[in-house]
Structures are given as C-alpha cells and as structure tokens.
DNA sequence: TTTACTAGAGTTAGCGCTAACTCGACGAAA
DNA sequence: TTTCGTCGAGTTAGCGCTAACTCTAGTAAA
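Chains as they are written, first to last, in this note's numbering: chain A, 131 to 464; chain Z, 131 to 464.
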C-alpha cells in the first residue's frame, strides 16, 4: 500500500511559520511588503515542508490555469510534431503546460476538443490546420480568451495568425509552374481534404489556365493527408492516367505514398514522373530519390505562434500575422 | 474589444431553475434521487444557459483533474509520437486530457517536468523511456498518484510497466546474431545514450563472446537517439573502421543517419555494409534500401500503457506488466 | 394510529488560495 | 504635541463546486 503523504497547504505553512496565510502568499509571489527576516523565515519553512501551491485553488481565484491547448489534426505527422515542439519549448520556459489534443482529421472531434479545452479553462489555444469551416470554427474559438491559428486566416478580433507567405493553394500553382518550365506537360495534383478543398481546386485550374499549362479535371484528386491515402490515391491516378508525367502532392507524406505507388507501377522518378511534396519533413530529404518540396520552418512556426499567443494571454489583443517562407526546394524527384 | 461573456455557474443555474445547487449537481452527475420532472426542467435550464462545470472548482473538492501527464524525451521522434497517439486516443474517450511534456533528452528537464506535473495535480503519469537513473526517477514518481513506465522497469509498488519482450539491450544481441549467421564478421554497434548505457555495452560484448562473434571495443559507440547524432557517429565509425561490414543502430533514426553516412563514404548497403535499426518507424520501410529493423507496435504500446494507468487511477494498484513483441523484420539493408 | 421507511429534495461546511481591505506602530513633518 | 504617511503585517470574503448530513411529506407496515 503506497499511501501518498498529504501535501502541505498554505495554511500549514502559515501556522508552522507563525504568520498569516497572506504573508506566505506574498513571499511566494514576491509581492507586497515583507521584512527580510520574515521572508527568510517563511522561505525556510516552505523549503522544510516542501510546500508547493495548489494550482486548482489558485485557478479558482485568479481564473488562470497556466495551461494552453494545442489542437492539431494528426500528431503522427512530423509537420505538426515539429510545430508542437516549438510551442512546447517556448511555453515551458514561461511556466505553462501544453494540453495536447489530436483531432485525428475529424471535424466533430475538433469541435468537441475546443469545447473541452474551454471547460478546462486553458489560458489560450493554438489551432493548427483546422479542418472546420469558418461557420463552425469561429463561434468555438470566440469563447476562448486567447487564440492563435496556424495555416488559417481569422477575423482580426478573434486571434492572431501564422500562415505561409503565399495564399492558400498557391503553392501548388508554384509547383505546377516549375514543373511546366522544366518540360512537364501533364501534371497531376493530389489535393488535401480541407473544409475549403473545392475552392482550392478551382483556383488551381484557373491559375494553370492563365499560365497556359494544360489542365484536365481527371488529373486531380483529393485525399487525407497521410502516407496510406497518398499511396492509394496516387495508385489510382497513375493507373488511370498513365499519361501523367508529374504529380504534385499536398504534403510530403502524401508525396512519399505516391513515390511508393510510382515505384510499384514501374515508373521511374524523376525520368518518367516528377514528384513534388510539401513541408520538407526529415524523411523528404532521406528517401531516394530525395523529394522536391516546399521549405517550412516548422519549429519557428511553433515558437512564433506561441509568442503571439502569450502576447494575447498577457492582455495585448493587437492582431498580428506572421508569414513564413515556403519556396520550393529542388531535389532529385523533379 | 472582444469581451468574453461570463460563464454561468452552478448557482446561476440553480437560481434560474428554482432549485438548490445540489439538485443541479445531482442532475449533472446522474447521482442521488431526482424526480423526472425536476431532472427534465434542470436539464433545460442547463442547456439554455449553456452551463458547463468549472473544472478547477471540481478539482479543488474532488482532488481529481481528469488530466494525465505524458513524459517523453523527444516528441519529434515518430516512435514516441505514435505511442502518444495511442495514449491520447484512449484517454480522450475516457474524458481525460493529456498534458504533454518533452524532456528533450535532458534529465534535469525531466526532473522538473515530473515536479511540475505534480503541482498540476495530474491524476497519473506515463513516463516514456526515462533518461533518469533509478535514484533520481523513483522518488519523483513516488509522489504521483498513478504511474506507468514505458521501456523501463519499476518496483512493483510504484507503477505498472510496458516494455519490450526481450530484456534491455538484448535486441542488439539478436541483431548481431542474425548478422553473424548471414556472414558478417565485423559488426559495429551504435548504442543509445541512457542512464544505463554502459551496462548495456558490457552485456552486449559478453553475449557476443559467448556466441563466438568477433568483438572489438572500438567498433562500438554511443550517441543521442536522433538522426543527426546517428549520422555523425556513424561517419566516425565508418571512417575510423573501414573493416566493419555491419552496423547495428539503437533505433531507426540513428540507423537512417548511418545510412546517409554510409552512402557518403561510398559504402553500398547491404553489399558492403549491413544495417539494422529499431522501432520500425514509417520511414524505415520507405527509404531505399528499406531498413531491417525491430517490430514495435507503438500505437498499442500507447493504449496499453493508458489502460494500465487508468486502472491505477481507478484505485486498482495491482502491479501489471505487459511485454510487446520486438522480433526482427528483415528488409533490404541486410 | 403509531412507527418506519423512502423519495426528493435542501443545508452546511469546506477544498486551498488570493484580492482587497484593515490595522497598529513608528518616524517625520507641521 | 498633533498629524500624517508608510511599513509590515493581519482579516475578511469569497472563487465554484461537492460530500455529507438534514429535513419533509407521503406511503406502507405493524
């Protein structure tokens, strides 16, 4: 039987030190006027009793939890993990905890998560690549004290924003442009499922048309942002459209799935088929052929989002937006 | 100015419904005796006022936070992320939050984390691949109400355990045995830094000796469990010992770093140099040549650890240990 | 008719902490 | 000597919730 010994409370410390609770509280917070003697004495008692404040009680009074929520659609995707690492590192130094919530690409789950984080009274939330429509997302985050969105625009009064430098979907256009310039004629595109995916695809085609790049609606598909979905979708695309000489994938995991599919269909990359991913996860540079992809400074996206959130938590509700570079990194797959 | 509207409290709901606070509390918890009429009425008011209980207040009374801590040395390592995914998924269904803490391979940080989690009054902790010695770890976790360790043994009264089927370090021996049987004679080993690393290496050599596999202390090195360290360490090993015809790495990230190093030194895998990793992360099967490694059902390790922790949180302090399979998966790198 | 339950509530007393006010003593200025 | 300010505390009143007890009216058994 391992009985946990009862933790000392403020009252215990105060009694032992022969002072009032407020005096102890002041010593802990370094506020108010305390004589050096008293301060020293109280500190010794705190040390001796191994007193540490009860966060729940403090939260009840101050309405602050020193905890923030991080919501991402898939924590096994290295893209989000590296962002998370930046967030966690930053907030740890500030004495905050990070509550992790994985929506698993499920919008209903994301909703439930945002509500639960509200109950937990997190001081703020970082929402990464939300899968919710504005109609669903905005009311949910409006209830949170402080919000920062990553890869998503927000009305200025609702929260700050960290996004790519180029407008949504424009990355694919950049990729197509590059592929066309290097001689590819029939370019496939595997778009990622989002609440706004159809818009994306329309824009993509319009842009290609204006660049005089051949388009064909059958060359485009949409899939979940993971390896298996990329593999499955690319397999269908390659089998159904052997004429394709290039494929752009929404992110690296999908591209790597596509790479495996291409190999299975006997297509040689980059000779028969060029391939472009996105996000530059570690794996992209390690596979053979190394994957051409878009730069993404994930760790700093995380720390930047964290910094913006802390600013809002601190009461400074100035809207900020930060855009990160995402130019193409040419490797062996194109 | 976005003013958050004040959330309704139990007292607000009680007043509005014309009942006592306890009646509302009972309706929420589904405990005690309430007439159907009253229950229905209170529920409507709760709905109308969008009342949701304040977790901090509840915690203050019940001493339960419905939050658990997950401590891992590196959340960018897919190995830990997949375990975490299992943990998060399981606990989400049970209505728990997961506090993520990343020690960044830093023992001092891990200590601080375990103390902070104690302040936060988490209901339990899952400690993954702790970098602390028993002398440091055990007193820290003894203060937690419920603990499960992954990849680490614990005194039975302190917590349950999820580990590999084979004793620590034995994986490397299995790998060496396989390599020797397939004709390799000079086998290098890149061990991972742990608090117990030296013990590991001694055992490794003794085992090899008893299997009549050639040993040489200079063929063995130790490094941090990440790609870069694997690359650096393998580079030195390959440069300094061109006679090596096989390398065993502590985990897949290190093995992939070594694979890159081998390529740079013009060594062909598997012809010139065999390579074995560990943990079977996604990347291991995707690189060329595909990496021979050890199976590891990471997601289920996570859910199992979570299940064992929930059991302890529920008051059942029976010691449990669960061992997962870790046999070798032969791929192209050997 | 008295006793004894029981259903369906309500009342009381905190959990551990902090914000905001109060209070006495001492030294300096008027 | 009186007034006033300041130092160094202490006191009071909750934050929002729940555990544990109390209370009342109605019903069934003796």
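Glycine included, C-beta positions come from ideal geometry on N, C-alpha and C. For clarity, every value in this text was computed on a predicted model and none was experimentally measured.
Helix, strand or coil at residue i [DSSP, three-state]
{"i": "residue 460(A)", "result": "coil"}
{"i": "residue 447(A)", "result": "coil"}
{"i": "residue 291(A)", "result": "strand"}
{"i": "residue 330(Z)", "result": "helix"}
{"i": "residue 318(A)", "result": "strand"}
{"i": "residue 420(Z)", "result": "coil"}
{"i": "residue 227(Z)", "result": "strand"}
{"i": "residue 412(A)", "result": "helix"}
{"i": "residue 200(A)", "result": "strand"}
{"i": "residue 271(Z)", "result": "helix"}
{"i": "residue 371(A)", "result": "coil"}
{"i": "residue 252(A)", "result": "coil"}
{"i": "residue 175(A)", "result": "helix"}
{"i": "residue 213(Z)", "result": "helix"}
{"i": "residue 431(Z)", "result": "helix"}
{"i": "residue 164(Z)", "result": "coil"}
{"i": "residue 391(A)", "result": "helix"}
{"i": "residue 257(A)", "result": "strand"}
{"i": "residue 352(A)", "result": "strand"}
{"i": "residue 343(Z)", "result": "coil"}
{"i": "residue 143(Z)", "result": "helix"}
{"i": "residue 159(Z)", "result": "helix"}
Cβ-Cβ separation, residue j to residue i (assumed contact under 8 Å), whole Å
{"i": "residue 213(A)", "j": "residue 255(A)", "result": "With a Cβ gap of about 14 Å, residue 213(A) and residue 255(A) do not count as contacting."}
{"i": "residue 258(A)", "j": "residue 291(A)", "result": "With a Cβ gap of about 12 Å, residue 258(A) and residue 291(A) do not count as contacting."}
{"i": "residue 243(Z)", "j": "residue 201(Z)", "result": "6 Å"}
{"i": "residue 320(A)", "j": "residue 380(A)", "result": "6 Å"}
{"i": "residue 435(A)", "j": "residue 217(A)", "result": "6 Å"}
{"i": "residue 179(A)", "j": "residue 143(A)", "result": "6 Å"}
{"i": "residue 353(A)", "j": "residue 384(A)", "result": "6 Å"}
{"i": "residue 424(Z)", "j": "residue 282(Z)", "result": "Actually they are not in contact, since the Cβ atoms of residue 424(Z) and residue 282(Z) sit about 17 Å apart, beyond 8 Å."}
{"i": "residue 388(Z)", "j": "residue 420(Z)", "result": "That pair is no contact at about 15 Å."}
{"i": "residue 211(Z)", "j": "residue 205(A)", "result": "6 Å"}
Cα-Cα separation between residue i and residue j, rounded to whole angstroms
{"i": "residue 464(A)", "j": "residue 350(A)", "result": "19 Å"}
{"i": "residue 476(Z)", "j": "residue 248(Z)", "result": "Absent from the structure is residue 476(Z), since the part of chain Z shown begins at 131 and ends at 464."}
{"i": "residue 174(A)", "j": "residue 270(Z)", "result": "21 Å"}
{"i": "residue 227(A)", "j": "residue 413(Z)", "result": "30 Å"}
{"i": "residue 359(A)", "j": "residue 382(A)", "result": "12 Å"}
{"i": "residue 183(Z)", "j": "residue 440(A)", "result": "26 Å"}
{"i": "residue 232(Z)", "j": "residue 357(A)", "result": "25 Å"}
{"i": "residue 330(Z)", "j": "residue 309(Z)", "result": "19 Å"}
{"i": "residue 153(A)", "j": "residue 252(A)", "result": "29 Å"}
{"i": "residue 355(A)", "j": "residue 458(A)", "result": "19 Å"}
{"i": "residue 407(Z)", "j": "residue 169(A)", "result": "55 Å"}
{"i": "residue 188(A)", "j": "residue 188(Z)", "result": "13 Å"}
{"i": "residue 315(Z)", "j": "residue 345(A)", "result": "57 Å"}
{"i": "residue 405(A)", "j": "residue 416(Z)", "result": "15 Å"}
{"i": "residue 195(A)", "j": "residue 225(A)", "result": "11 Å"}
{"i": "residue 411(Z)", "j": "residue 209(Z)", "result": "6 Å"}
{"i": "residue 393(A)", "j": "residue 273(Z)", "result": "53 Å"}
{"i": "residue 343(Z)", "j": "residue 374(Z)", "result": "13 Å"}
{"i": "residue 250(A)", "j": "residue 223(A)", "result": "21 Å"}
Residue closest to residue i, alpha-carbon to alpha-carbon, out of the options
{"i": "residue 347(A)", "options": "375(A), 317(A), 358(A), 387(A)", "result": "317(A)"}
{"i": "residue 397(Z)", "options": "367(Z), 416(Z), 423(Z), 426(Z)", "result": "367(Z)"}
{"i": "residue 433(Z)", "options": "167(Z), 284(Z), 137(Z), 215(Z)", "result": "215(Z)"}
{"i": "residue 140(A)", "options": "365(A), 181(A), 333(A)", "result": "181(A)"}
{"i": "residue 447(Z)", "options": "277(Z), 147(Z), 415(Z)", "result": "277(Z)"}
{"i": "residue 289(A)", "options": "332(A), 160(A), 275(A), 339(A)", "result": "275(A)"}
{"i": "residue 323(A)", "options": "372(A), 262(A), 455(A)", "result": "262(A)"}
{"i": "residue 219(A)", "options": "234(Z), 222(Z), 211(Z)", "result": "234(Z)"}
{"i": "residue 239(A)", "options": "445(A), 138(A), 266(A)", "result": "266(A)"}
{"i": "residue 386(A)", "options": "305(Z), 418(Z), 172(Z), 378(Z)", "result": "418(Z)"}
{"i": "residue 294(Z)", "options": "409(Z), 230(Z), 207(Z), 445(Z)", "result": "409(Z)"}
{"i": "residue 307(Z)", "options": "146(Z), 376(Z), 426(Z), 162(Z)", "result": "376(Z)"}
Chain A contacts from the stretch 398 to 423 of chain Z (Cβ-Cβ distance under 7 Å): 412, 413, 416, 417, 418
Residues within the stretch 177 to 189 of chain A neighbouring chain Z, beta-carbon criterion of under 9 Å: 182, 183, 184, 185, 186, 187, 188, 189
Contact residues within the stretch 230 to 241 of chain Z, judged by C-beta distance below 9 Å to chain A: 230, 231, 232, 234, 239
Selection of the stretch 284 to 306 of chain Z by Cβ proximity to chain A, strictly under 9 Å: 287, 288
Selection of the stretch 199 to 232 of chain A by Cβ proximity to chain Z, strictly under 7 Å: 205, 206, 208, 211, 212, 214, 215, 218, 227, 228, 229, 230, 232
Selection of the stretch 346 to 364 of chain Z by Cβ proximity to chain A, strictly under 8 Å: 357
Residues within the stretch 380 to 399 of chain A neighbouring chain Z, beta-carbon criterion of under 7 Å: 386, 390
Short-range partners of chain Z found in the stretch 245 to 257 of chain A, where Cβ spacing is below 9 Å: 245, 246, 247, 248, 249, 250, 251
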